[in-house]
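Okay, so the sequence shown: first residue is 0 according to numbering that gives the first Met the number 0, each after it adds one.
Glycine residues also receive a C-beta, built at the ideal position from the N, C-alpha and C atoms.
Since the structure is predicted, the reported quantities are computational estimates derived from the model, not experimental observations.
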Amino acid sequence: MSRIDFYTNPMSRGQIVRWALHEVGADHETHVLGYGEPMNSASYRAINPMGKVPAIVHDGQVVTECAAICAYLAEAFPAAGLAPEAHERADYYRWMFFAAGPIEQANSLKAMGVTPTHEQQRMVGCGDPERVMDALTAKFEKDAFVCGSRFTMADVYVGSHVDWGIAFGIMPKREALLAYAARLRERAAYQSAKAIDNALIAQQGQQQ
Ligand SMILES: N[C@@H](CCC(=O)N[C@@H](CS)C(=O)NCC(=O)O)C(=O)O
0 MSRIDFYTNP MSRGQIVRWA LHEVGADHET HVLGYGEPMN SASYRAINPM
50 GKVPAIVHDG QVVTECAAIC AYLAEAFPAA GLAPEAHERA DYYRWMFFAA
100 GPIEQANSLK AMGVTPTHEQ QRMVGCGDPE RVMDALTAKF EKDAFVCGSR
150 FTMADVYVGS HVDWGIAFGI MPKREALLAY AARLRERAAY QSAKAIDNAL
200 IAQQGQQQ
């Protein structure tokens, strides 16, 4: 019987992993960690030395980094059918890593109000943040999901960036991106996972 411990905070990228856990139907025990001291305790830093959530421990194996956790879960729970088939691997890995690198960077720069100069764009991994958004938009003008017409785990990760980016006003509200996010929000696993995090956020609000 396999065991998954899930370390998260409802107001964090842990929402991505909760959605992924629901998509694969994996039983898990949730450990909610507060920001600050709880995430930086020696016991948690033994799991994630970065002192960040999310993390999972699956039968004693630690996985950190949302993209890695999503890819890991898709493979660890093959019955869910969310890992890529051979012909889907190029898109799956390309866009998964594009989200973990360039999209993350472009969103962070935007959120911080930093626009890299032309010279800096040559060095920074995302290059021109506007081009990142253009590449992403062109992708979803062409395809319904990362791997074409089929939803895979890559959509949990890439889609979470789009969903959050639009909600926080850091991604442009372009039709293709809005339509992609709307498709994802229809998923039962998205809705059940968000309901849990939203309830936890409401609970935290009442305790303050
Ligand atoms: N690259 C990491 C980012 C994780 C991350 O930055 N988590 C934030 C919450 S969204 C966090 O734990 N911040 C707490 C801190 O840095 O003290 C991932 O994709 O999992």
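Check your understanding: In terms of residue numbering, what span does the beta strand (DSSP E) encompassing Phe5 cover?
Key -> Judged by DSSP secondary structure, Phe5 falls within the beta strand (DSSP E) whose first and last residues are Ile3 to Thr7.
Review point. Taking 7 Å as the cut-off, is the CB of Glu64 close to at least one heavy atom of ligand 1?
Key: Because some heavy atom of ligand 1 lies under 7 Å away, the Cβ of Glu64 counts as near it: yes.
Check your understanding: Who are the Cβ neighbours of His30 in its own chain at under 8 Å, not counting the five residues just before and after it?
Key -> Apart from sequence neighbours up to five positions away, the residues of its chain that approach His30 with a beta-carbon distance below 8 Å are Asp4, Phe5, Tyr6 and Thr7, ordered along the chain.
Check your understanding: Would you call Met152 buried or exposed, if buried means 16 or more other Cβ atoms sit within 10 Å of its Cβ?
Key -> Around the beta-carbon of Met152, 16 or more other beta-carbon atoms lie within 10 Å, marking it buried.
Exercise for review: Name the residue from Thr136, Arg149, Ile55 and Ala85 whose alpha carbon lies nearest to the alpha carbon of Arg173.
Suggested key: Its Cα nearest to that of Arg173, the residue Thr136 stands out among Thr136, Arg149, Ile55 and Ala85.
Point to revise | Cross-strand partners of Thr63 (DSSP beta bridge) | key: Among the bridge pairs identified by DSSP, Thr63 is matched with Ala54.
Review point. Which class does Phe144 belong to by DSSP, given the choice of helix, strand or coil?
Key: Three-state result, Phe144: strand.
Point to revise | Spatial distance of Gly80 from Cys69 (CA atoms) | key: Spanning the two alpha carbons is a distance of roughly 13 Å.
Review point. Quick one: what's Thr136 bridged to in DSSP?
Key: By DSSP's assignment, Thr136 forms no beta bridge with any residue.
Point to revise | Candidates Ser159, Val145, Ala166 and Ile169, of which the one nearest Ala89 by Cα | key: Checking every option, the nearest Cα to that of Ala89 belongs to Val145.
Check your understanding: How should Gln14 be labelled, buried or exposed, when 16 other C-beta atoms within 10 angstroms of its C-beta is the threshold for buried?
Key -> Within 10 angstroms of the beta-carbon of Gln14 lie 16 or more other beta-carbons, which makes it buried.
Check your understanding: Measuring CB to CB, does Ala188 end up less than 8 Å from Glu22?
Key -> Note that the C-beta distance between Ala188 and Glu22 is below 8 Å.
Review point. Does ligand 1 have even one heavy atom less than 7 Å from the beta-carbon of Pro53?
Key: Checking the Cβ of Pro53 against ligand 1 gives yes.
Check your understanding: Which whole-angstrom value is the C-beta distance of Ser148 and Asp58, which I expect to be below 8 Å?
Key -> The Cβ separation is near 34 Å, so there is no contact.
Review point. Enumerated in chain order, which unbroken segments of the beta strand (DSSP E) with a length of 3 residues or greater are wholly contained in the segment 59 to 137?
Key: For the segment 59 to 137, whole beta strand (DSSP E) runs of length 3 or above, ordered along the chain, are 60 to 63.
Point to revise | Proximity below 8 Å, CB of Gln120 to CB of Gly126 | key: A contact, by the Cβ cut-off of 8 Å.
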